[in-house]
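*Asks:* In order, the protein sequence lines correspond to chains A and B.
At position 37 of the first sequence the residue is numbered 37 (the working numbering), and the sequence of numbers has no breaks.
At position 61 of the second sequence the residue is numbered 1061 (the working numbering), and the sequence of numbers has no breaks.
If you scroll down you'll find the structure; I have some questions about it.
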Amino acid sequence: MTKWAFPDPNNGTLVDVTEIDPAKIFVAEYAAQFVEVPDDTNNGDVRNSKGKIEKKEFVAPPEVVQEKVLTEADFLSSLTRDERKGIKAARASNEDLDDFMTMLEKRTLVNMSDADNQADVKAFVTAKLISQASADKILP
Amino acid sequence: MGRRFPSGGGQSTGGGGGAGASGKYNQCKMWSSNGTYYWQPGADFDESVPVRVYVWGAGGCGGMDGGSGNGYGGGGGGLAISELTLGKTTTYTINIGLGSASYASTGGTSAFSGSGITTLQASGGRSGNSNSDPSGNSTGESSNPQSGQYGQGGVGTGGNIVNRRGGRGGFGNNSSGSGCGGGGGSAPAPSGQRDGHQGGYASSYSGTGGASIHFPGTGTYTSYTSSGGAGTAGQGTSSVSTSTYYSYGGQGGAGLDGHGGHGSSSNTYSNTSLATTRASDGGGSAIWAPNMIFLGGGGGGGGSATYQSSEKAGTNAGCGGPGAGGGGAHGYGGSGNHAYMLAGSGGILGGGGGGDAYCPGGAGGNAGGGGGCGYAMYPSYGHGNGGDGLVFIQYKILV
């Protein structure tokens, strides 16, 4: 089987790939610009300056990583009752905790895929405000 | 009453047994998807009545591909029209060009050929990131008025009635921050009286409407706006402002027998999406008949998007009716506070709408150019594809 295609003079992209002699389909001036191409050539492949056919590349998009965003209710319900009581009591003496909880209350959401927020939660574990088990429920 | 067809569709669609308007023909046939087809008129064909043949090239696609390119819309395919004396037993070849899906390439060439006739063909529109000139001139032209531009329309060659040029894609710009997408150009109207129209010209952070067979796409008024697609009876409009509280899209242009799509609206307040009304598609119908071609679609409405802190609200743009352009889409802001929306596709022969950064352009209808996109994250993503070419014939059989 013989195949022909028209190479775009701008960049060599091949279009109008056909198994029929282009002189039988198109006007003569256009058909004269067709070149023979290998059987596996498809529209969109590129004929480079040396006449070699480069297959059109389809690059798979990267895997989408879903961000873990918790509402204030989701965040608090991941904690035990004692942890919630402890956080309430500790806010007055722990500026970082108070800032975190204030932002949570004002924005009503927290993005736990954010590295700074993850560091805050890990610090709360170190300070024994919440358990590692609770942190595991919160962190992605 | 003539037979009605939906826009786009099958490989070979025959019609007849009536007439959309009085005239010398009583049959018609359409080829509308990429490939090579053969047609023999048959024993009952009336050789004394020349067949009217319309050939449209395929549309170019928008000039964005995963962050590469320029965001222009694609050009519409060209048109060639002939009246040809055909033989009952001769087999004719119909080639339908493939709509472009490559941001720097071109739509395929469509053609009608066979023994004893002069081949007529129409080249495809250029994709938005291609500035190669097609060969040939529109009837009455001595040179190419679009020469050197991105997203040029294709042009007809060999037509003994008329040869026409497709409309250019509208301006767009590639930027992950302030990118914008131009609308797709339209193919020439079936009347062959003039060339196709240009897609809308985009401002930063915006998406514009596609062109219709009778009107150009409307450019966006300023940043963070969208425009509706052009209709067959009038241009679309652009929205004029957007804030962190509200956004609305431009209106689609009116159709000859259908409404333009209304623009969408999105409102937020204090992290809550209060009201979102989606854009509507253009109305209208198409008649492809032995003695009539009528495309009456309205343009698609423009999309909208806004955000309020962590809350994002938005809607997609609407699609164009037959012969009309799709609406443009915008997403508001850069990547961090962006809603991801879709531009509308064009109806048959119409251009697709353009999209803001991260908002893919709409596809062109048959022979229409695809919409551009201001920025896209992944390869092979972001542009609206061009529509496949189209061949339509009107002829007479003995009854």
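Backbone N, C-alpha and C define an ideal beta-carbon position, used for all residues, glycine too.
1) Distance cutoff 7 Å, beta carbons only. Does residue 1121 of chain B sit that close to anything in chain A?
2) If you follow the alpha helix (DSSP H) that residue 134 of chain A is in, where does it begin and where does it stop?
3) Can you find a C-beta in chain B that's less than 7 Å from the C-beta of residue 138 of chain A?
4) Taking C-beta pairs closer than 8 Å, name the residues in chain A that residue 1079 of chain B reaches, listed in chain order.
5) Got a sec? Which residues, its chain only, sit under 8 Å from residue 1025 of chain B by beta carbon, not counting five neighbours each side?
6) Could you tell me whether any non-hydrogen atom of the ligand MG is closer than 6 Å to the CB of residue 1145 of chain B?
7) By the DSSP assignment, the alpha helix (DSSP H) with residue 1155 of chain B in it spans what residues?
8) So what does DSSP say about residue 1005 of chain B, is it helix, strand or coil?
9) For chain A, find out if any of its Cβ atoms is closer than 7 Å to the Cβ of residue 1174 of chain B; answer yes or no.
10) Is any beta-carbon of chain A found at less than 7 Å from that of residue 1111 of chain B?
11) Measuring only the C-alpha atoms, how far is residue 1045 of chain B from residue 1079 of chain B?
12) Can you check whether the C-beta of residue 1422 of chain B is within less than 7 Å of a C-beta belonging to chain A?
13) Inspect the beta-carbon positions of residue 1364 of chain B and residue 1346 of chain B and report whether they are closer than 7 Å.
14) Whole angstroms is fine: what's the gap from residue 1366 of chain B's alpha carbon to residue 1222 of chain B's?
15) In the DSSP assignment, find the unbroken beta strand (DSSP E) run with residue 1035 of chain B in it and report its ends.
16) With three or more beta-carbon pairs closer than 8 Å as the criterion, would you say the stretch 1161 to 1178 of chain B touches the stretch 1198 to 1207 of chain B?
17) Determine whether the Cβ of residue 48 of chain A lies closer than 7 Å to any Cβ atom of chain B.
18) Report yes or no: is there a C-beta of chain B within less than 7 Å of the C-beta of residue 110 of chain A?
19) Using the C-alpha atoms, what's the distance from residue 1029 of chain B back to residue 1022 of chain B?
20) Under a three-way DSSP split, which group does residue 1024 of chain B fall into?
21) Report the rounded CA-to-CA distance for residue 12 of chain A versus residue 1214 of chain B, giving the unit in angstroms.
22) Which partner residues of residue 1181 of chain B appear in the DSSP bridge assignment?
23) Any idea what DSSP makes of residue 1446 of chain B, helix, strand or coil?
24) For chain B, check one thing: does any of its Cβ atoms lie closer than 7 Å to the Cβ of residue 25 of chain A?
25) State the CB to CB distance for the pair residue 1377 of chain B and residue 1182 of chain B, rounded to an integer number of angstroms; the pair is presumed to be in contact (CB under 8 Å).
26) At a cut of 8 Å, does the stretch 1120 to 1129 of chain B reach the stretch 1097 to 1104 of chain B through at least three beta carbon pairs?
27) Three or more C-beta pairs closer than 8 Å, one from the stretch 108 to 117 of chain A and one from the stretch 45 to 53 of chain A: is that the case here?
28) Just reading off the alpha helix (DSSP H) that residue 77 of chain A is part of, what are its end residues?
29) So if I threshold CB-CB distances at 9 Å, which residues from the stretch 8 to 21 of chain A count as touching chain B?
*Replies:* Once the coordinates are examined:
1) yes
2) 132 to 138
3) no
4) Those within 8 Å of residue 1079 of chain B in chain A number zero; the least Cβ separation is about 15 Å.
5) 1019, 1049, 1052, 1290, 1291, 1394, 1395 and 1396
6) Among the components of this structure there are no ligands whatsoever, and the ligand MG is therefore not found.
7) Note, residue 1155 of chain B: premise wrong, no alpha helix (DSSP H); not H, not E.
8) With a pLDDT of only 38 at residue 1005 of chain B, under 50, the local geometry of the prediction cannot be trusted, and the value read off the model is given with reservation. Of the three classes helix, strand and coil, the one that applies to residue 1005 of chain B here is coil, per DSSP.
9) no
10) yes
11) 25 Å
12) Residue coverage of chain B in this structure runs from 1001 to 1399, which leaves residue 1422 of chain B outside it and unanswerable.
13) yes
14) 30 Å
15) 1035 to 1039
16) yes
17) no
18) no
19) 17 Å
20) coil
21) 33 Å
22) B:1207
23) The question about residue 1446 of chain B has no answer here: the residues shown for chain B are numbered 1001 through 1399.
24) yes
25) Residue 1377 of chain B to residue 1182 of chain B, Cβ: 19 Å. No contact.
26) yes
27) no
28) 72 to 77
29) 8, 9, 10, 11, 13, 14, 15, 16, 17, 18, 19 and 20
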